[in-house]
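Peer 1: Just so we're aligned, residue 1 is where the sequence shown starts under full-length UniProt numbering, counting upward by one. Here it is, the structure, as structure tokens.
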Amino acid sequence: MVNALTRVGMLLLAAALTASAGSGQPPGGKAQDNLIKAARDYSTAFPDLEPPITRRDVITNPDGTTVVVTTEIGVVPLPAVPAPAANAPALRKVRVEQYQEGSDCLERLKVIIRTGNYRPQDFCEYVRVATEVYRAAAEMEDEPARRVPWYEARVRKFKEVERFIRLRVEIGTDPPDRLDVVRFHRFGAEAELLELKAGLENPGRKPARLPADPKGEPVRLEKGAAYTAFPDLKPPATEKGDVPTPQLPTLTAADPPLRKVQIEQVRKGLAFLAHVKEQGPIEDLTPELFREYLDVATETYRLAAELEDTPAQRVPWHETRIRKLKQFEQLILRRVENGVDPRQRLNTARFDRLQAEADLLGLQADLSAAKDARPVEIPKPVRPNAGGEPAPRPLPRGPGAPNRYTAFPDLKPATLEKTEIKSSDGSTTPGLEETGGVPVPAVPVPTADAPPLRRVRFVQAQTGSDYLERVKYRMKTGIYNLAILRELQIIAADTYRLAAELEGAPAKRVPWYEARVRKLKAFEEFVRSRVEDKDEAPQRLDVAGFQRLRAEADLLKLKTEIEKAGGK
């Protein structure tokens, strides 16, 4: 059971984050929330892409014993991924190894499910790897048309996961919001397949392809060895400290709001990584913290690199990211060898580290192709001191700490007043009533002849809204954990972004992006209160601020785009 203060906090988050879009009384009357109220249609845009069916037969042996034999019917084979030659470009080797790690992870999870050893904490990893691994494989294809089978395979995989989770929901093993999450990602996979096929029908600029693989002997790795394109980028031993971080660019008073927001976002990410290491929970790694650590590390170093003035100055950030993820990979390897973590977690850690190596190889290729590229040592960036603020700086936290930085101080989250909800037995439960909420526009329901992509994106946004409503109920009943926290901020951010994409003109997307900022501010305030009450670790506040600042950066980019287009 949770105490009264914690329950109030849960209700605050639920009401602030999952209040029905369009609630309230706008000047022109009540906004119709079509995302919530329109009829549900969870059918697929690709009915022919069916997942395999597993048949179980009980075989009786001559000695009378029985054994269950499972057979998959309707399996569609994936395209072949040839082993890279010894003289293949490093980027191709990295992509092949990345795909192998991801497919190994999915195969291990499949065995876990088949043998009845699936755990709810495997869910986030399953969904995330399924989202990324087929995309990584598709990038290895030379032509866009040859990427279609990989995107189709991803749709089949999510249908397979959806069927599995639906059965668990029906028997009461999983809550209904698990099914919303899978459907949300399945619709996303279908939308990307539709976009790929539309690009084939109307070819424009061809995506960059991987370097060709010359013929030669395949690379042979020793058993258990992990491929790296950068053997010289070694992480320090755990007992010898952390990976040093490059210095961030200096902020000046003349910097535009977008740059200020992005630097603050990087600071939040670096603070999260530092707090995780300082407080020691990395050795007691939960599945949720595992995934969050990889995501924040990846995005923090990538964004920091983008803030540099020249491509050459971005290299140290990409190198630091690789060393950081190698250090994390070493930790996971030890945990796997000691039987603490399942083997697929090491596959996931390596998958992300190989993505970091692929990004650095791509950057190096761009530098080599530049006309003024010279084989000289990359200079350390010069940071001006006058009029600027050195970074990174310590982040104040706790009671009395200064307000967080925001580029949109006028975008305030809803105000909530405490109430008491009386039950039939006379007991009371703390509740909250929302005031000052800003409604969002209605999203037009797609017509019967609307393009399939629009219908799929609409239902995906609808499914995200369903998830938020279900979690709202779960939070009210006191069901709360770290997995819900992390998932909630991701789905909330994506749902508002998808709703904005359904609008025709960029100017009409602004209210959705503003609503997204408000929701994530409400989420951050909830987390702040829990950190101050010592109900959450400080790094939870770092992540909440990191996500909110990303939403502010997206809104600033959208407004810049509108200004360039003359306000349309």
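C-beta atoms are modelled at their ideal positions from N, C-alpha and C, and glycine is treated no differently. A quick note: this is a predicted structure, and the numbers were derived from the prediction, not measured.
Within 10 angstroms of the Cβ of N110, are there 16 or more other Cβ atoms? Answer buried if so, exposed if not.
Peer 2: What sits at residue 110 in the sequence shown is Lys, not Asn. By the neighbour-count rule (16 or more Cβ atoms within 10 Å), K110 is buried.
Peer 1: Counting along the chain, where does the alpha helix (DSSP H) carrying I332 start and finish?
Peer 2: Here the alpha helix (DSSP H) through I332 covers P311 to E337.
Peer 1: Output the distance between the C-alpha atoms of R163 and K519, rounded to the nearest integer angstrom.
Peer 2: Going from the Cα of R163 to the Cα of K519 covers about 31 Å.
Peer 1: I112 lies in the alpha helix (DSSP H); which residues open and close that run?
Peer 2: Taken as a continuous stretch (DSSP letters only), the alpha helix (DSSP H) holding I112 covers A90 to R114.
Peer 1: In the DSSP output, which residue or residues are listed as bridge partners for V69?
Peer 2: D57
Peer 1: Note down, in chain order, each residue of its chain lying with its Cβ closer than 6 Å to the Cβ of T66, except the 5 sequence neighbours on either side.
Peer 2: V58 and T60
Peer 1: Does DSSP put E563 in a helix, in a strand, or in coil?
Peer 2: helix
Peer 1: Would you please state the rounded distance, in angstroms, between the beta carbons of V459 and F187? I believe it to be under 8 Å.
Peer 2: 6 Å
Peer 1: Could you check how far apart the C-beta atoms of G102 and V129 are, in whole angstroms? I think they sit under 8 Å.
Peer 2: 5 Å
Peer 1: So F351 and E552 are supposed to be a Cβ contact under 8 Å. How far apart are they, rounded?
Peer 2: In fact, because the Cβ distance is near 29 Å, the residues do not count as touching under 8 Å.
Peer 1: Restricting to Cα atoms, I'd like to know which of E160, V182, F158 and R353 is closest to K234.
Peer 2: R353
Peer 1: Using a threshold of 9 Å, state whether the C-beta atoms of A544 and R528 are closer than that.
Peer 2: yes
Peer 1: Taking just the CA atoms, how far does G437 sit from A414?
Peer 2: The alpha-carbon of A414 is positioned some 5 Å away from that of G437.
Peer 1: When you compare only the Cα positions, how much space is there between W512 and P176?
Peer 2: C-alpha separation (whole angstroms): 26 Å.
Peer 1: With a CB to CB cut of under 6 Å and the five nearest residues on each side skipped, what residues in its chain are close to L294?
Peer 2: Shown here for L294: same chain residues with a beta carbon closer than 6 Å to its own, the five before and five after excluded, namely D352 in chain order.
Peer 1: How would you call T447, buried or exposed, if buried means at least 16 neighbouring beta carbons within 10 angstroms?
Peer 2: exposed
Peer 1: Hey, could you find the ends of the alpha helix (DSSP H) residue 623 is sitting in?
Peer 2: Not covered by the structure: residue 623. The range shown for the chain is 1 to 568.
Peer 1: Would you say R509 and A522 are within 9 Å of each other, going by their C-beta atoms?
Peer 2: no
Peer 1: For T428, which of helix, strand or coil comes out of DSSP?
Peer 2: strand
Peer 1: Just mark G464 as buried or exposed, buried being the case when its beta carbon has 16 or more other beta carbons within 10 Å.
Peer 2: G464 counts as buried, since at least 16 other C-beta atoms from the protein chains shown sit within 10 angstroms of its C-beta.
Peer 1: Is it true that the CB of R156 sits closer than 9 Å to the CB of L196?
Peer 2: no
Peer 1: Could you give the DSSP three-state label for K534: helix, strand or coil?
Peer 2: In the structure shown, K534 adopts coil according to DSSP, grouped into three states.
Peer 1: Within 10 angstroms of its Cβ, does A297 collect 16 or more other Cβ (buried), or is it exposed?
Peer 2: buried
Peer 1: Which term fits I491, buried or exposed, when burial requires 16 or more other beta carbons within 10 angstroms of its beta carbon?
Peer 2: Counting Cβ neighbours within 10 Å, I491 comes out buried, since at least 16 surround it.
Peer 1: Answer with buried or exposed for T71, where buried requires no fewer than 16 other C-beta atoms within 10 angstroms of its C-beta.
Peer 2: With fewer than 16 other Cβ atoms within 10 Å, it is exposed.
Peer 1: Taking its Cβ as the centre, do 16 or more other Cβ atoms sit within 10 Å of R457, making it buried, or is it exposed?
Peer 2: buried
Peer 1: Output yes or no for whether 9 Å exceeds the beta carbon distance between P79 and E141.
Peer 2: Taking C-beta atoms as the reference points, P79 and E141 count as a pair closer than 9 Å.
Peer 1: Cα-Cα, which of W317, R291 and K159 is closest to N347?
Peer 2: R291
Peer 1: Where does K234 fall in DSSP's three states?
Peer 2: coil
Peer 1: In this structure, does DSSP put K422 in helix, strand or coil?
Peer 2: Here K422 sits in strand by DSSP.
Peer 1: From V266 to T115, what does the alpha carbon distance come to, in whole angstroms?
Peer 2: 42 Å
Peer 1: Taking the straight line between their C-alpha atoms, what separation do you get for E143 and D359?
Peer 2: 20 Å
Peer 1: Contact check, E487 vs V181 under 8 Å by CB: the rounded distance?
Peer 2: 7 Å
Peer 1: Report the rounded CA-to-CA distance for A369 versus P311, giving the unit in angstroms.
Peer 2: C-alpha separation (whole angstroms): 12 Å.
Peer 1: Any idea what DSSP makes of T300, helix, strand or coil?
Peer 2: helix
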